[in-house]
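Trainee: I have a structure I would like to understand better, so I am pasting it below and will then ask my questions one at a time.
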Amino acid sequence: MANDTKFRNRKFKSVGTRPPRPDGLDKVTGRAKYGADTFAPGQLIGLVLRSPHAHAEIKRIDTSKAAKLNGVKAVITSEDLPDLTNGDRDLYDTLENCMARDRALYDGHAVAAVAAIDAPTARKALKLIRVTYKRLPHVTDVDDAMKPDAPLVQPRVYTRGVSPKPESPSNVAKVSEFGHGDVEAGFKAADVIVEKSYKTEQVHQGYIEPHACLASVGPDGHGELWVTTQGHFIYRNTCAALLGMEVAKLKVTSSEIGGGFGGKTHVWMEPVALALSRKANRPVKLEMTRDEVFRSTGPTSSTSIDIKIGVKKDGRITAATADLRYQDGAFPGIWAMLGAMTSYACYDLKNVKTVGYDVLVNRPKVTAYRAPSAPMAAFAVESTIDEVAAEIGMDPIDFRIKNAAKEGTKSSYGPTYGPIGIGPTLTAAKKHPHMRAKLGKNQGRGMACGFWFNFGGETCTDLNIGADGTVTLTVGTVDVGGARASLSLIAAEELGIPYERVKCNITDTASLGHNDMTDGSRGTFSSGMSTIFAARNAIEDLRQRAAATWEIPVKDVVWEDGKAIAKGKKYRKLKPLSLDDLAAASPNTGGPIAGHSQIVADGAGVSFASHICDIEVDPETSATKVVRYTVIQDAGKAVHPDYVEGQFQGGAAQGIGWALNEEYIYDRNGRLQNPGFLDYRVPVCSDLPFIDTQILEIPNPNHPYGIRGVGETSIVPPLAAIGNALSDVAGVRMTHVPMSPPRIRKAIKENQA
Amino acid sequence: MLKVCFSGPLKAAADGAASVLISAATIRELLRELVKQYPGMQNQLDDGIAVSVNGQIFRDKWSEEIPEGAEVFLLPRIQGG
Amino acid sequence: MMAGTLVSTMINGDQTEFVCQASETLLEVLRNRLGLTGSKEGCGTGDCGACSVTLDGRLVCSCLVLGVEAQGRKVNTIEGLADGDILHPLQSNFIKHAALQCGICTPGFLIASKALLDRNPNPTDEEIRFALAGNLCRCTGYDKIVRAVKATAKDLRKK
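Protein chains in written order, with this note's numbering: chain A, 585 to 1337; chain B, 79 to 159; chain C, -8 to 150.
Next comes the structure, spelled out in structure tokens:
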């Protein structure tokens, strides 16, 4: 059956090899075009004016002087972005975030924008815009925002998920509860109970490429947008909706993307660029500065989490709870809810209860960061798991193995698991040579495990056979890290031809049906599945062509190793027809040969990982360095192992930065103090060791090749792995991330006192 | 007859019930019947839901058939990064 | 607007002239006036290295150099790294060792790596890591980048 998603075990010829990627040459020569790398004749430069206040009423915006400045072609405010959202709450939030309406809600909130003939003129114009603000009390801390006297961020938000429905608005946007069993009884039955509270600070995805786009809208309602994004179809839908344009009349082309990690799944200034272009009737190029990226895009939540775990002396967990408070920025989100879902996902628990509070603060609108919300919850849970194991004198890995979820376990978020990889990754970690390596002076070791969902989603693929038998594979999922190579391997595998005969392209929104964005570790999984089905469709066509050429029934034709073969003794005189032969003959057998697939890839399964980490702490300064790191993760089937390893290593590095150094620092006025790479310190080359990887392959039963999504899970364990390593070397339990030198020093001093 | 369990905020939309019995052959049918029994469920659908069938999570494929006796969970819609 | 300054310089071995404002950076000139978009702006403040070029053989962040400072000097960018259709061994090794994922930092890393190997043909792992500490990568965790540079150093020493 062509569209059968069931995994079928097979020997692979192409999948699993490591050929060079097709877009490599362009990227090492500087030819590849990213968001800011295109220019249009007559283009204007767009710049955005942003609120310097964390919370303020916008009493008046006077743009008259700016509009009169020579060289300025358009000035816009929220008046140029009327509300067309028709009651769609999420869309209205996006609209208000793109351009403030009556209030500025965070330091960096857009209040106006200009388009001018060059950057110096645009900068001058911004300075000429007079905004009259009335400052309001603000709140930036998640726990402070929940206090009864906290300033109210959004008067239109009433807490969801509580009964009865509340009468007054609140900064608590949503309460979500998950779990099963009876935690009270479970705690009563425990021999030992450990309770601890944790805080994690806000971090940003930190992609090196700032947001950038080139927008062009004509008075006829037709427009084009070149943009760096993880989902050009999603951006098209949102921009069209906000601007009152028809979807088919807005063509969005995704540039190469210089990193996203979830931060480019949401529009930030793109609707503003389109609105400027429409008003000026000229193309507008809008590039965000690094300062704007930190202040005005979508970092992840800062959190405050309480954990309680009860255990019997024999090592079985009897009950576990988590209270998770996540800030969503100034607009409601699902972030605490996701934290509540993932907290105990690695474990087989009879009694578990997690409650998530999504809280509003005067900070930018939180968006996804690679396995969103899971790293913070995992930090809190996995740190406590180590404490519990220590209390009963059990080895931390053995303790986890004893309580690990497996096939048939009821997950803490509800459904029962099918075949999963947590047990195998833990066993592999236990056996790994890293665990037996000798530790040096001032060094400690920690491990942790992590979980994340995988998604499928709407996917559309075209596979066209060229006149010479080479294959053009056209997909709509943005390639964030090497997927074109993997998808070409998959097409080559199905068709039975060499990898080099396949060329994979990411196309624009005018050339293919809807494709969901590249998030949720779905790029290779979904487009891979769609490529398989498109190839199988093409094979059906190829068999027809061979049958027509030989004038035999189609049922007697099979496709093997890139050739059509007439099966049966009576056809032994018929020589096989290759893809090249059939392509050459195609004008006379029915025209162009192609295969198409449009699917909703779903039922993707889940992904688990275990990490081991060695750190060294300077006894004088508490500066902490990672000296050895191992990632063990289940990939189902590694299509191109180099790029699977790359995902493991990249996620681990981001987690290490999050654990040790990265944080948003706000002052008393709610202004972000470190919106740049100097003071927002991400890991550099000299901070890290080589990152070892072990790819496990437990096939996903719902993918023809067993593929699981791999991109996100590797960011989940590092925070706790490092926290546990710090506990090992310094004898202190760190409860505040990042675990920067001042915090470590303080913890050690307090411990000694 | 399927036992449909609710997770998280969906429990509140089902008047606090942990599960209900519904007769349905596909996810689409299931959701239709659910809204009939609990009109408040429409809000949740608009916000975004996912359906877990025997442990596999489906966000969009509403034509997916639900086997007899399958474990069905209604979850909030999850997003990745 | 003040009249611009005429600058005469050599870029990737080609004699080049351009006019720019005094306040324009070399990066802005390369990208917006000369169409050389291989050098990237990641931060504009010299913290990420995505704009790395060499100026008279010295590794610099072009976002911290003024366009007018290129007068009479030699600028080398990523566009000049390959010799016609022959890739520099760094470029081929980056592809071979999968030392890039999104690729935005890659031009900067190649320029910085070449600057390292030009002055130190046999660097230790630590020397490589510290030489490249001025280039940020958010995708790879640097593992495969260091391996690619090591492999190139070995290849070049063999020649």
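Just so you know, even glycine gets a beta-carbon here, dropped at the ideal spot from N, CA and C. Keep in mind that this is a model prediction, so the values were computed, not measured.
Could you tell me the alpha carbon to alpha carbon distance between residue 661/A and residue 1108/A, rounded to whole angstroms?
Mentor: So the alpha carbons of these two residues sit roughly 40 Å apart.
Trainee: Output, in chain order, the set of chain A residues within a Cβ distance shorter than 9 Å of residue 67/B.
Mentor: Any property of residue 67/B remains undetermined from this structure, which presents chain B solely from 79 to 159.
Trainee: According to DSSP, is residue 966/A part of a helix, a strand, or is it coil?
Mentor: In the structure shown, residue 966/A sits in a helix (DSSP, three-state: H, G or I).
Trainee: Judging by CA-CA distance, which residue of 725/A, 724/A and 695/A is the nearest neighbour of residue 715/A?
Mentor: 695/A
Trainee: Strictly below 8 Å CB to CB, what residues from chain B border residue 575/A?
Mentor: With chain A represented from 585 up to 1337, any question about residue 575/A goes unanswered, as that position is not in the structure.
Trainee: Can you give me the Cβ contacts of residue 872/A inside the same chain, cut-off strictly under 6 Å, excluding the 5 residues immediately before and after it?
Mentor: Once the five neighbours on either side are set aside, the close Cβ partners of residue 872/A are 794 and 795.
Trainee: Decide yes or no for the touch test of the region 1253 to 1267 of chain A against the region 974 to 992 of chain A: beta carbon pairs closer than 8 Å, at least 3 of them.
Mentor: Too few Cβ pairs lie closer than 8 Å, so no.
Trainee: Taking the straight line between their C-alpha atoms, what separation do you get for residue 1287/A and residue 1132/A?
Mentor: 33 Å
Trainee: Apart from the five residues on each side of it in sequence, which residues of its chain come closer than 6 Å, Cβ to Cβ, to residue 1296/A?
Mentor: 954, 955, 1036 and 1105
Trainee: Could you check whether the Cβ of residue 118/B sits closer than 8 Å to any Cβ belonging to chain A?
Mentor: no
Trainee: So, does the CB of residue 849/A fall closer than 8 Å to a CB anywhere in chain B?
Mentor: yes
Trainee: For residue 1107/A, decide whether its Cβ has a neighbour in chain B, counting only Cβ atoms nearer than 8 Å.
Mentor: no
Trainee: Starting from residue 1333/A, follow the alpha helix (DSSP H) in both directions and report where the run begins and ends.
Mentor: 1325 to 1336
Trainee: Taking the DSSP output, what are the residues bridged to residue 74/C?
Mentor: 77/C
Trainee: Strictly by DSSP, which residues pair up with residue 119/C?
Mentor: For residue 119/C, which the question treats as bridged, DSSP gives no partner whatsoever.
Trainee: Tell me, please, whether the CB atom of residue 142/B is closer than 8 Å to any CB atom in chain A?
Mentor: yes
Trainee: Under the three-state reduction of DSSP, which class applies to residue 1276/A: helix, strand or coil?
Mentor: strand
Trainee: To be precise: take each residue of the region 593 to 609 of chain A, compare its Cβ to all Cβ atoms of chain C, and keep it if any distance is under 8 Å. Which residues remain?
Mentor: Close to chain C, meaning a Cβ-Cβ distance shorter than 8 Å, are the following residues of the region 593 to 609 of chain A: 602, 604, 605, 607, 608 and 609.
Trainee: For chain B, is any of its Cβ atoms less than 8 Å away from the one on residue 947/A?
Mentor: It does not: the Cβ of residue 947/A has no partner Cβ on chain B nearer than 8 Å.
Trainee: Could you check whether residue 147/C and residue 80/C sit closer than 8 Å to each other, using their CB atoms as the reference points?
Mentor: yes
Trainee: By DSSP's criteria, residue 837/A is part of a beta bridge. Which residues make up the other side?
Mentor: For residue 837/A, which the question treats as bridged, DSSP gives the partners 810/A.
Trainee: Just checking: is the beta-carbon of residue 101/C within a distance shorter than 8 Å of some beta-carbon in chain A?
Mentor: yes
Trainee: Counting only Cβ pairs nearer than 7 Å, list the residues of chain B close to residue 1184/A.
Mentor: 138 and 139
Trainee: Find out if the Cβ-Cβ distance for the pair residue 951/A, residue 849/A is shorter than 8 Å.
Mentor: By the CB criterion at 8 Å, residue 951/A and residue 849/A fall inside the cutoff.
Trainee: Take the Cβ of residue 1298/A as the centre, count every other Cβ of all protein chains shown within 10 Å, and call the residue buried at 16 or more, exposed below.
Mentor: buried
Trainee: Between residue 1328/A and residue 1214/A, how many whole angstroms is the CB-CB distance? I'm expecting something under 8 Å.
Mentor: Actually they do not touch by this definition, with Cβ atoms about 23 Å apart.
Trainee: Taking just the CA atoms, how far does residue 1227/A sit from residue 1145/A?
Mentor: 26 Å
Trainee: Give me the DSSP bridge partner(s) of residue 718/A.
Mentor: For residue 718/A, the pairing in a beta bridge is given by DSSP as 641/A.
Trainee: What are the boundary residues of the alpha helix (DSSP H) that residue 1011/A is part of?
Mentor: 1006 to 1015
Trainee: Using the beta-carbon of each residue, which ones in chain B are nearer than 9 Å to residue 953/A?
Mentor: 159
Trainee: Using the three-state DSSP reduction, which class does residue 140/B fall into: helix, strand or coil?
Mentor: coil
Trainee: What does residue 47/C pair with, by DSSP beta-bridge criteria?
Mentor: Bridge partners of residue 47/C: none, in fact.
Trainee: Counting Cβ pairs, one atom from each stretch, are 3 or more of them under 8 Å apart for the region 1088 to 1096 of chain A and the region 1050 to 1062 of chain A?
Mentor: yes
Trainee: DSSP three-state call for residue 823/A: helix, strand or coil?
Mentor: In the three-state reduction of the DSSP assignment, residue 823/A falls in the helix class, which pools H, G and I.
Trainee: With 16 other CB atoms within 10 Å as the buried threshold, where does residue 77/C fall?
Mentor: exposed
Trainee: So, with DSSP's three-state summary, where would you put residue 5/C?
Mentor: When DSSP states are grouped into helix, strand and coil, residue 5/C belongs to the strand group.
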